[in-house]
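Report on one structure; see the data block that follows.
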Amino acid sequence: MNRRFVRRCLPGGSWAFSTIGSVEAVHQILTGELIVLSEQQLLDCDTSYNKGCNGGDKDHAFAFVVESGGIHADDAYPYTGKDEGCYASSSTRKRKAVWIDGDEGLPANHKTSKVVFIDGYEQVPANNEQSLQKAVANQPISVSIEAGSRDFQFYAEGIFTGKCGTDLDHDLVVVGYGTQAGKDYWLVRNSWGADWGEQGNVRIERNVIEKTGKCGIATEALYPVRNGQNSNTVTSQYKQLSKEDSYVFGNLITILSIDGGGVRALMPTAALVFLEARIQELLGNNVRVADVFDVITGTSTGGLVTAMLTSPDKEGRPMFTAEEVQNFYLKHAPEIFPPGRRFYNPEDICVTTELLSCGDWKAHNHPLSLPAKVIKALLGPKYDGLNLHKIIREQLEERRLHETITNVVIPTFDIKTMRPVIFSSFQSKINPSIDAKLSDICIATSAAPTYLPSHVFHYKDDEGKILREFNLIDGGVVANNPALVAIAEVIIERTRRDPTWSVKDCQFLVLSLGTGCLDLKDKYDATKSSRWGIFGWLSSGGSTPLLDVFSSGYSYMADYFATAFLKAHNSEESYLRIQDITLSDDMASMDLATDENLENLVEAGEKLLKKPVARMNLVTGEVEHDPHITNEMVLEGFTTVLRDIYWAKSEMDKEVHDG
Numbered sequence: 005m006n007r008r009f010v011r012r013c014l015p016g017g018s019w020a021f022s023t024i025g026s027v028e029a030v031h032q033i034l035t036g037e038l039i040v041l042s043e044q045q046l047l048d049c050d051t052s053y054n055k056g057c058n059g060g061d062k063d064h065a066f067a068f069v070v071e072s073g074g075i076h077a078d079d080a081y082p083y084t085g086k087d088e089g090c091y092a093s094s095s096t097r098k099r100k101a102v103w104i105d106g107d108e109g110l111p112a113n114h115k116t117s118k119v120v121f122i123d124g125y126e127q128v129p130a131n132n133e134q135s136l137q138k139a140v141a142n143q144p145i146s147v148s149i150e151a152g153s154r155d156f157q158f159y160a161e162g163i164f165t166g167k168c169g170t171d172l173d174h175d176l177v178v179v180g181y182g183t184q185a186g187k188d189y190w191l192v193r194n195s196w197g198a199d200w201g202e203q204g205n206v207r208i209e210r211n212v213i214e215k216t217g218k219c220g221i222a223t224e225a226l227y228p229v230r231n232g233q234n235s236n237t238v239t240s241q242y243k244q245l246s247k248e249d250s251y252v253f254g255n256l257i258t259i260l261s262i263d264g265g266g267v268r269a270l271m272p273t274a275a276l277v278f279l280e281a282r283i284q285e286l287l288g289n290n291v292r293v294a295d296v297f298d299v300i301t302g303t304s305t306g307g308l309v310t311a312m313l314t315s316p317d318k319e320g321r322p323m324f325t326a327e328e329v330q331n332f333y334l335k336h337a338p339e340i341f342p343p344g345r346r347f348y349n350p351e352d353i354c355v356t357t358e359l360l361s362c363g364d365w366k367a368h369n370h371p372l373s374l375p376a377k378v379i380k381a382l383l384g385p386k387y388d389g390l391n392l393h394k395i396i397r398e399q400l401e402e403r404r405l406h407e408t409i410t411n412v413v414i415p416t417f418d419i420k421t422m423r424p425v426i427f428s429s430f431q432s433k434i435n436p437s438i439d440a441k442l443s444d445i446c447i448a449t450s451a452a453p454t455y456l457p458s459h460v461f462h463y464k465d466d467e468g469k470i471l472r473e474f475n476l477i478d479g480g481v482v483a484n485n486p487a488l489v490a491i492a493e494v495i496i497e498r499t500r501r502d503p504t505w506s507v508k509d510c511q512f513l514v515l516s517l518g519t520g521c522l523d524l525k526d527k528y529d530a531t532k533s534s535r536w537g538i539f540g541w542l543s544s545g546g547s548t549p550l551l552d553v554f555s556s557g558y559s560y561m562a563d564y565f566a567t568a569f570l571k572a573h574n575s576e577e578s579y580l581r582i583q584d585i586t587l588s589d590d591m592a593s594m595d596l597a598t599d600e601n602l603e604n605l606v607e608a609g610e611k612l613l614k615k616p617v618a619r620m621n622l623v624t625g626e627v628e629h630d631p632h633i634t635n636e637m638v639l640e641g642f643t644t645v646l647r648d649i650y651w652a653k654s655e656m657d658k659e660v661h662d663g
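Final position of the sequence shown in the numbering used here is 663; the numbers increase by one with none missing.
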């Protein structure tokens, strides 16, 4: 779309520029050819209702283009910025546009000029920003706003949140949408020239409380339609998407999920490093994981990884690359879990419970007496958490949930209210108390019972009054695999914004990264467990059966429900769960932070990418492996989809700034 200084066509010629901008775009989408079209033709010739530089309506302009059989290129009917009268020749001004009936009498450049036509136009459902977003995901849309306020007139940069009403007096073209530092915006092409705003463009706040949208942007939105080679209008292509091309049109929601597991976070970092490297090969070295996922969710240590991937630096870009997250764990894990500073030896609780359950503790020849062991094992967490808290606060500083590069979802559990607390970018927009510091959220979701202390913090108003108190522990107690939580948050948010929205209207791409575990199959049986009391369930054979049951059971059910849900929504092939259930005892530990074990975890994560992909069979309940397809191969396919989504979301923005 060309840029012109339209202030010469005052007071009201924006209707022509808005109309032509969307016609240019739909022609380019269908043909791949960008033709700069003549706004001047509309200003001069569409006079049955519209009044040239004195004002007009987009719907009449679209109707004129349809009835006239098309619109000429700008090189044939150049822009002058004033009403000239309908141009047929230098001596004939008021004659009806000649190209409706033929090219006879036109200057030579008219006869050879290309004509772009449309077959009609349609209106986006009024007062519904979600409907407008769906339309914009498909093609640029002509809109109207109130632009007379001083704030808008003197807009220079950033997301426009200034004063404006809904008395529509100006027409523009919405060419895209996005999110920056947690705030949604429309990317809009104005007609006031490249010296206004951001090179002629404005980012207008999106998803506001008012149904009309900011400045009335969702009130009156129109777009042209044209029959393509398949005899389908762009609109019908958008409404009837195939699975293969759905992501191109913006109805595919992408989710990255990262499990909890202490130092075992190093395993999923291997997949993240691989994924980010492939994305950068396709999209450039500046692109990060957070740029290509709509939602990133993590529990416990996965919550910390999530925060690090999505926290912005001073330039609004992700603070950490995936490789830097991996190096963070290699460097700081020994400080977070220092072997010499444990409140008690990790074997104490197992030995203690075994002694109590067998009733003959003297026969075990252990250096600690039973009372001392009970006190040490049962009356405090392994670690005081001071190093963890210090490191997290140093890394994340004062950044809050709403500032993340993309949407995040981090589960925790409030031990006082006995309810989960989901720290979600979506909820933070309507519930300010959720907009906590990322450091507090990460400390809370990492507060694994018996390992680290619970975390207390408060939400206060501007005067320092406490409005809400949080008493939180590790989110892993309710959602160690948080993929389903993220899906639920997306559904809740989309329904909140648009009550008519149905989950059937979208598809999902979900990458779920586990942190590995022991293979517990056949480790316990009913014969043994039938004799267990409290201490038997707390310890048997060096393990904790009760925790094993909860952890394995939830992980299995999360995978089961995610597989079933995504299969029902034609997204089964777009769900990848990468998990290793063959870890050794040392590698399965949450807190064994020796250099050797940390390196082993990275190596195991890298090897896991080469292993066959695993999918759950919903009939048998078994996890089945495909020997012909590896996790790495599926990830490669995901990067292609993520690349195309990234292009689809940014193409219009690139066109604006690269013009």
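All residues carry an ideal CB built from backbone N, CA and C; glycine is no exception.
For L256, the enclosing beta strand (DSSP E) has its first and last residue at 256-262. For G180, the pairing in a beta bridge is given by DSSP as L191.
For the pair H406 and S437, the CB atoms are not nearer than the 9 Å cut-off. The alpha-carbon of F66 is positioned some 32 Å away from that of R498. Of the other Cβ atoms in all chains shown, fewer than 16 fall within 10 Å of the Cβ of K469; this residue is therefore exposed. Per the coordinates, the alpha-carbon of V638 lies some 13 Å from the alpha-carbon of L517. For A566, the enclosing alpha helix (DSSP H) has its first and last residue at 549-572.
Under DSSP, M620 takes part in a beta bridge, and its partners are V627.
Of K508, C446, A483, T567, the smallest CA-CA separation from L622 is found for T567. The beta-bridge partner set that DSSP reports for D478 consists of T416.
Secondary structure of G266 (DSSP, three-state): helix. Between I149 and the set K62, V553, K420, T84, the nearest pair of CA atoms involves K62. Remark: three or more beta-carbon pairs, one from each stretch, lie closer than 8 Å, so the region 385-404 and the region 330-340 are flagged as touching. E126 has Y227 as its beta-bridge partners, per DSSP. Each of G306, M271, L313 was checked against the Cα of V291, and the nearest Cα belongs to L313.
Taking a cut-off of 8 Å for Cβ pairs, the region 157-168 and the region 131-144 do not touch, as fewer than three such pairs fall below it. In this structure, T223 lies near A130, with their beta-carbon atoms less than 9 Å apart. Counting C-beta pairs closer than 8 Å gives three or more between the region 296-316 and the region 488-498, which meets the contact rule.
One Cα belongs to L41, the other to I649, and the distance between them is close to 29 Å.
Residue pairing of Q511 in beta bridges, as defined by DSSP: L256. In this structure, DSSP gives K62 a helical state, which the three-state scheme calls helix. Here the C-alpha atom of Q583 lies approximately 10 Å from the C-alpha atom of S559. For D188, same chain residues with a beta-carbon under 6 Å away, outside a window of 5 residues either side, are R210, N211 in chain order.
In this structure, DSSP gives E577 a helical state, which the three-state scheme calls helix.
Contact annotation, L47 with D87: C-beta distance approximately 6 Å; criterion of less than 8 Å satisfied. Contact annotation: P385 and G307 have beta-carbon atoms that are not nearer than 9 Å.
Judged by DSSP in its simplified three-state form, D599 adopts helix.
When the five nearest sequence neighbours on each side are left out, the beta carbons in the same chain lying within less than 7 Å of the beta carbon of T84 are those of Q44, in order along the chain. The continuous beta strand (DSSP E) containing I300 extends over residues 299-302. H174 has its alpha-carbon roughly 49 Å from the corresponding atom of G479.
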